[in-house]
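Undergrad:
Residue numbers (my numbering): 479 to 668.
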């Protein structure tokens, strides 16, 4: 019979060292190279003002900040120095380009590990936490705040009364090495 042991905060690495919290410089440059193929920045011409966002790394940073940071859009406008209309237009185009760039791109695929790889991952966890045997992953359940639906029944189904807001829950399963091995989003409620 197996005993259950749970990961606690003391067992885990600090979030700043985790692959789920940051994109390391080589990974960013690799993604930037791929993103550049799908996003074209309009050429400067003699008429009109120059573009506010003229570099691919700023545009990729904008869309990644929009996805990761929990700040208002007005803060992002200020941070990237772009007017609201430019920000919205650039963000829409950047999201489309990022979607195309990630489609079929092997380094960002989500894949379940083979049984042999599961054993290797379990050994990684067991070397750090000896009581956790046969464990090769951990799960992360972020709550993402969304706009409240106008339909009262739908809003009631999605409302988290404890947090007094409407959320969509994501479920992400990470392997011990930090790779995402399973993910499902848009769970209404909490």
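Glycine residues also receive a C-beta, built at the ideal position from the N, C-alpha and C atoms. It should be emphasised that the depicted structure is a prediction, and the values quoted were computed from it without experimental measurement.
In whole angstroms, what is the alpha-carbon distance linking residue 568 and residue 660?
TA: Within the chain shown, residue 568 is the residue found at index 90, counting from 1. Within the chain shown, residue 660 is the residue found at index 182, counting from 1. Pairing residue 568 with residue 660, the inter-Cα distance amounts to about 30 Å.
Undergrad: Less than 8 Å separating the beta-carbons of residue 537 and residue 572?
TA: Along the chain shown, read from residue 1 onward, the residue named residue 537 stands at position 59. Along the chain shown, read from residue 1 onward, the residue named residue 572 stands at position 94. Yes, they are a contact pair.
Undergrad: Quick check on DSSP: helix, strand or coil for residue 590?
TA: Counting from one through the chain shown, the residue named residue 590 turns up at place 112. Residue 590 falls in the coil class under three-state DSSP.
Undergrad: With H, G and I counted as helix, E and B as strand and the rest as coil, what does DSSP make of residue 609?
TA: Position 131 of the chain shown, counting from 1, holds the residue named residue 609. Correct three-state label for residue 609: coil.
Undergrad: State the start and end residues of the unbroken alpha helix (DSSP H) segment that holds residue 545.
TA: Counted from its first residue, the chain shown places residue 545 at position 67. That run of the alpha helix (DSSP H) goes 534-546.
Undergrad: How many Å lie between residue 540 and residue 609 at the Cα?
TA: On the chain shown, position 62 is the one that residue 540 refers to. On the chain shown, position 131 is the one that residue 609 refers to. For residue 540 and residue 609, the distance between alpha carbons rounds to 42 Å.
Undergrad: Since residue 655 and residue 602 are thought to touch, with beta carbons under 8 Å apart, how far apart are those beta carbons, to the nearest angstrom?
TA: Translated into the one-based positions of the chain shown, residue 655 becomes position 177. Translated into the one-based positions of the chain shown, residue 602 becomes position 124. About 7 Å; that satisfies the 8 Å criterion.
Undergrad: Around the Cβ of residue 594, are there at least 16 other Cβ atoms within 10 angstroms (buried) or fewer (exposed)?
TA: One-based indexing of the chain shown puts residue 594 at position 116. It counts as exposed.
Undergrad: What is the rounded straight-line gap between the Cα of residue 650 and the Cα of residue 576?
TA: Start at 1 with the first residue of the chain shown, and residue 650 comes out as number 172. Start at 1 with the first residue of the chain shown, and residue 576 comes out as number 98. Between residue 650 and residue 576, the C-alpha separation is close to 20 Å.
Undergrad: Counting C-beta neighbours from all protein chains within 10 Å, is the total for residue 481 16 or more, i.e. buried, or is it exposed?
TA: Numbered from 1 along the chain shown, position 3 holds the residue referred to as residue 481. Note that residue 481 has pLDDT 47, beneath the 50 cutoff, so the model's placement of it is unreliable and the number below is only indicative. Its Cβ having fewer than 16 others within 10 Å, residue 481 is exposed.
Undergrad: Would you say residue 560 and residue 531 are within 8 Å of each other, going by their C-beta atoms?
TA: Within the chain shown, numbered from 1, the residue matching residue 560 stands at position 82. Within the chain shown, numbered from 1, the residue matching residue 531 stands at position 53. Taking C-beta atoms as the reference points, residue 560 and residue 531 count as a pair closer than 8 Å.
Undergrad: Take the Cβ of residue 599 as the centre, count every other Cβ of all protein chains shown within 10 Å, and call the residue buried at 16 or more, exposed below.
TA: Residue 599 sits at position 121 when you count from the first residue of the chain shown. Buried, because 16 or more other Cβ atoms sit within 10 Å of the Cβ of residue 599.
Undergrad: Helix, strand or coil, according to DSSP, for residue 601 in the structure here?
TA: Taking the chain shown and counting its residues from 1, one reaches residue 601 at position 123. Helix at residue 601.
Undergrad: Going along the chain, which residues of its own chain have a beta-carbon closer than 7 Å to the beta-carbon of residue 510, five neighbours each way excluded?
TA: Walking along the chain shown from the start, residue 510 turns up at place 32. Cβ neighbours of residue 510 beyond the five flanking positions: 534, 535, 538.
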